[in-house]
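Undergrad: Residue numbers (this note's numbering), protein chains in the order written: chain A, 1 to 156; chain B, 157 to 542; chain C, 543 to 1141. Note that beta-carbon positions come from the ideal geometry of N, C-alpha and C, so glycine has one too. Sharing a structure, written as structure tokens. Questions coming.
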């Protein structure tokens, strides 16, 4: 039953963005917004809809860091690990997150609510350290601030 | 030595009535627009520094009726965050800049390639685009703009990789020649410009090329938006006249203990204190897309280098041998020297390798790894080894 | 002499040359007899420009340029061997070696590896750079019976990806991830055996290192030969006899049939027989099947009969259609391939006549093909009660066995195939070239229907020959015998395609109705079997053309030119099978197909 619903979504996306090769990225991006990552079946269905090979879809998706093909949680935390954030205390912030959520970098919480990942410069160097939770940036992080932020998310 | 104060400029973020600009450009011959921009000596503000007027003229001369204007908003260079501010505060000016390019080149379609990390800007951008389309209609300019989103790949800031990404493929840079102006997006003549460059074009149309040339130096005309971060009490975004020395910059932005400034992000050059005075920030010295990072004496340059190499090893597209394997060799190499597994003379081998990467890589990423590597190793050798 | 406007003058290493606009530096240098080394470049594929081995210096340029990817420009001055170039090239080779697991002495491609050649040429010497292999997680995929993929040897030249994409249109391989994690992968990093890979082996033919090789079974064959209990029969495909020579020091285009048979006998096979024999048999069965379908469609108006009918002897094609056009599986002939027909008969007919216990018969085949290894392992290929074909070897593996046995191939005296499955007609041997099955079928079918030979000089049906990807031809049937009168005046329309990218085009044409034919021949490999995944490496258009010429020469040289005239075939039907499509035939010589996943 679930597969059919998933196909519907992909068909809708293809109707919205088209069925040419250039439609691939917008479709995959929207799929990720919906499901947070791309399943094997997703990729096969997209391949069928656009009449390209599944291997092609896989190869394209894995190129982009934000198009995860591994299972992710509802809220993906991406903490910046590039130089400015590293200089301004990102490691402390990271440990705090790991402590609160009880997972390590790269892992997802058992209730599938949070995934913790590192990412490269997200463009908030003057307000480092910074992180993204899904598409929302959070800057000037401290251990206290990040605790507050996570508390809000945990409530959701 | 003559003391020159750093000149703050307020051109980029100045609010401008785009209708005035549209009126101007629609009344001009397309080639006259190219000429005006060429006369101003405006060079690309994304870091590569190609003369904008020349780029537009090349694209304009192509006979293909289908052409594209692309705004490169994939600001991914570590330490660069100025485009985000520009798109946030004056999106209308960016679109106006695209309109100028479209008129000059003869394009009917434009794309803004926005990095995925800036997705939160989309609602605002989309309403700016709607407004712009109404304006274009009013002035009979047949030009439509749409947004395409990136998904977390630094290499997509490279022009041909950006085209590949819009086309729905892996962002792998292409062979050049052919160059974008003859074969770019969808293999059509394309003029691709940085966000800031497009806004400069707007100001040139408003105030004229001569006004623009009053700022800066002979090789680096005009002003530039810098994003300053690191060990500085004044982290933020500043529009400054080009052509100042690093010394002057540090006087203004340093915390009193600056030992090095990384100009141009991971792909740029590290300027040590002893070279502050002689190094000019501009196309005649160290060019930059705007990223300025200050390091004080508490920072380990080994860590800085390591972070940059780690960044490249991860973000390289992986296509060509010198970059894909070279980045890993440099990274593991400095680790080995630090650990003592490799003798310090191994650093010289790595410097030679970095030189090969600069000569033989397929695109600017591989060619730039050697910049940071070479400049940090040359100037902070002890910190790398001990 | 008037100057051609489109000619460009440039100098390479100080020597002047004039070439047409659009020529690459690589090609221009070749005209001056300067060979610039390459790795990712291949004659059959589009330019990649990613290995950077071919970088050269352009005076006045700030970086080196890739010779394979850079078009010449007026007044260009190129240096192919300057200090800068040599330093860069050496570094590139060292970089490649640092991420390559070099176990050369154990590697299947030892002595035939392009990376090894480069390292040798440039005297790489001590490896100064760090070894990156031990820190990498790599996989060695040996799940497929046909192809082995070893990531630790991959140098990411992407030839395999381009082959699978552009030449074959299968797209089973892709480049995945980026940076230091970049690798060549299948969908979801599944094994080659679990995805759309058709086993055609074209990637194997083009891989410069030992990353992609065929699964090899030489030891199993030696064990069987040296086992006194076992009676080992070997069959040889038509394309092998025009390719084998290349592995043993001869130029391409040499027919080595007699020597090949002599060598096989010296290796110790108990009986050396010919796949061409069962190729003739395939024509008997398939020709009859085609005529039966035509009769059902045109006379009985049976709408369940599917036309066009396609050939079924190429296992790469079969797997391809199972994945991509499963709705057309009923169009495929139910005939097995010659290899499998042989296998089924070896352990029934042959064993009977020779008074052997079939469980002691080991049936080996020598094929120009890697997909045949997969085909032999299909669960349905056990009609004899045993595995019909036990082991499949490629042309390359046979050459290796010949060397291992110390046989001096070129000095052998020619020998003949053994009976009772060793005689073949020219129609059987042309199976090795694209268009060959079609031509063989027409030679027989036409005569069955009209009682006369096909109206082409020397029985050479030229319209179905050649190297264009998709070819259409038709033969007008005139003067039919009474029972075939419904075919009087009918234009028998045929289509031939080789290379799976062309197979896809053809099938799409059939789907859309644009291509309306009765009979289709499809070979998975460019050139047909002579360009197969098991044939000698290197391969290019010229080599394949010469092998094709050799095949048609062989056809002309044989006593019998039509399948139905083969006396051993006549005996087979008389003594064992009865008649084509008879009960025995259905049991042993026909098969069915399986719909598969899209990925």
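Which residues mark the beginning and the end of the alpha helix (DSSP H) in which residue 819 of chain C is found?
TA: Looking at the DSSP string, the run of the alpha helix (DSSP H) that includes residue 819 of chain C is 817-840.
Undergrad: For residue 220 of chain B, count the other beta carbons within 10 Å of its own beta carbon; 16 or more makes it buried, fewer makes it exposed. Which is it?
TA: Exposed, by the Cβ-count rule.
Undergrad: Using beta-carbon positions only, say whether residue 66 of chain A and residue 272 of chain B come within less than 8 Å of one another.
TA: Yes, the Cβ-Cβ distance between residue 66 of chain A and residue 272 of chain B is below 8 Å.
Undergrad: Cα-Cα, which of C/721, C/736, C/939, C/994 is closest to residue 788 of chain C?
TA: Residue 788 of chain C has its Cα closest to that of C/939, out of C/721, C/736, C/939, C/994.
Undergrad: In the DSSP output, which residue or residues are listed as bridge partners for residue 137 of chain A?
TA: Note: residue 137 of chain A sits in a beta bridge opposite A/132.
Undergrad: List, from N- to C-terminal side, the beta strand (DSSP E) runs of 3 residues or more that fit wholly inside the segment 905-945 of chain C.
TA: Fully enclosed beta strand (DSSP E) runs of 3 or longer: 933-936.
Undergrad: State yes or no: is the beta carbon of residue 13 of chain A nearer than 8 Å to at least one beta carbon in chain B?
TA: No, its Cβ sits nowhere closer than 8 Å to a Cβ of chain B.
Undergrad: Any C-beta of chain C within less than 7 Å: which residues of the segment 320-346 of chain B qualify?
TA: Going along the segment 320-346 of chain B in chain order, one finds 326, 331, 333 with a Cβ nearer than 7 Å to chain C.
Undergrad: Shorter than 8 Å from the beta carbon of residue 720 of chain C to some beta carbon of chain B?
TA: True, the Cβ-Cβ gap to chain B drops below 8 Å.
Undergrad: Determine the closest residue to residue 617 of chain C out of C/673, C/653, C/608, C/557, with distance taken between C-alpha atoms.
TA: Of the listed residues, the one whose Cα sits closest to residue 617 of chain C is C/557.
Undergrad: The alpha helix (DSSP H) that contains residue 256 of chain B, what's its start and end?
TA: Where residue 256 of chain B is concerned, the enclosing alpha helix (DSSP H) stretches over 247-261.
Undergrad: Measuring straight from C-alpha to C-alpha, what distance separates residue 858 of chain C and residue 881 of chain C?
TA: C-alpha separation (whole angstroms): 14 Å.
Undergrad: What are the start and end residues of the alpha helix (DSSP H) that includes residue 692 of chain C?
TA: Careful: residue 692 of chain C lies outside any alpha helix (DSSP H), inside the beta strand (DSSP E) at 689-692.
Undergrad: Give the residues of chain B in contact with residue 568 of chain C, contact being defined as C-beta atoms less than 9 Å apart.
TA: Chain B residues near residue 568 of chain C: none, gap ~12 Å exceeds 9 Å.
Undergrad: What are the uninterrupted segments assigned as alpha helix (DSSP H) that are 4 or more residues long and contained completely in the segment 1-65 of chain A, given in chain order?
TA: Fully enclosed alpha helix (DSSP H) runs of 4 or longer: 2-17, 24-35, 40-50, 54-63.
Undergrad: Using a Cβ distance threshold of 8 Å, determine whether the segment 1054-1068 of chain C contacts the segment 845-854 of chain C, with at least three qualifying pairs required.
TA: Result yes; three or more Cβ-Cβ pairs closer than 8 Å.
Undergrad: Straight-line CA distance for residue 697 of chain C to residue 361 of chain B?
TA: The straight-line gap from Cα to Cα measures roughly 51 Å.
Undergrad: Taking the straight line between their C-alpha atoms, what separation do you get for residue 746 of chain C and residue 1076 of chain C?
TA: Cα-Cα distance, rounded: 8 Å.
Undergrad: Curious, which full-length alpha helix (DSSP H) runs of at least 4 residues does the segment 311-343 of chain B contain?
TA: Complete alpha helix (DSSP H) runs here, min 4: 315-322.
Undergrad: Under 8 Å Cβ-Cβ, which residues of chain C neighbour residue 516 of chain B?
TA: Result: 594, 597, 605, 606, 630, 633, 634.
Undergrad: Where do the ends of the beta strand (DSSP E) carrying residue 449 of chain B lie?
TA: Element bounds for residue 449 of chain B: 447-452.
Undergrad: Less than 8 Å between the CB atoms is what I'm expecting for residue 402 of chain B and residue 427 of chain B, so what's the real figure, rounded?
TA: Right, the Cβ-Cβ distance comes to about 5 Å (below 8 Å), so this counts as a contact.
Undergrad: Nearest to residue 804 of chain C by CA position, among C/776, C/833, C/1003, is which residue?
TA: Nearest option by C-alpha distance: C/776.
Undergrad: Does the Cβ of residue 1139 of chain C have 16 or more other Cβ atoms within 10 Å, making it buried, or fewer, making it exposed?
TA: Residue 1139 of chain C should be labelled exposed.
Undergrad: What number of angstroms, rounded off, separates the C-alpha of residue 531 of chain B from the C-alpha of residue 279 of chain B?
TA: Between residue 531 of chain B and residue 279 of chain B, the C-alpha separation is close to 41 Å.
Undergrad: Can you tell me the Cα-Cα spacing of residue 419 of chain B and residue 126 of chain A, whole angstroms?
TA: Rounded to the nearest angstrom, the two C-alpha atoms are 15 Å apart.
Undergrad: If we count the other Cβ atoms within 10 Å of its Cβ and call it buried at 16 or more, is residue 231 of chain B buried or exposed?
TA: Label assigned to residue 231 of chain B: buried.
Undergrad: With 8 Å as the limit, tell me which residues of the segment 460-491 of chain B have their beta carbon closer than that to any beta carbon of chain A; keep them in chain order.
TA: Of all residues in the segment 460-491 of chain B, 460, 463, 464, 467, 470, 471, 473 have a Cβ within less than 8 Å of some Cβ in chain A.
Undergrad: To the nearest angstrom, report how far apart residue 654 of chain C and residue 749 of chain C are at their CA atoms.
TA: Roughly 11 Å between the two C-alpha positions.
Undergrad: So residue 309 of chain B contacts chain A; which residues on that side make the cut at Cβ distance below 9 Å?
TA: Under the 9 Å cutoff, chain A gives 63, 64, 65, 66.
Undergrad: Residue range of the alpha helix (DSSP H) that residue 708 of chain C falls in?
TA: No alpha helix (DSSP H) holds residue 708 of chain C; DSSP gives it neither H nor E.
Undergrad: Looking at the secondary structure, which residues open and close the alpha helix (DSSP H) in which residue 383 of chain B lies?
TA: Here residue 383 of chain B belongs to no alpha helix (DSSP H); instead the beta strand (DSSP E) covers 379-386.
Undergrad: From the DSSP output, in three-state form, read off residue 184 of chain B for me.
TA: Of the three classes helix, strand and coil, the one that applies to residue 184 of chain B here is coil, per DSSP.
Undergrad: With a threshold of 16 other CB atoms inside 10 Å of the CB of residue 542 of chain B, please say whether the residue is buried or exposed.
TA: Flag for residue 542 of chain B reads exposed.
Undergrad: Indicate the three-state DSSP secondary structure (helix, strand or coil) for residue 549 of chain C in the structure shown.
TA: Residue 549 of chain C falls in the strand class under three-state DSSP.
Undergrad: Which two residues bound the contiguous alpha helix (DSSP H) that contains residue 368 of chain B?
TA: Run containing residue 368 of chain B: 365-369, per the alpha helix (DSSP H) assignment.
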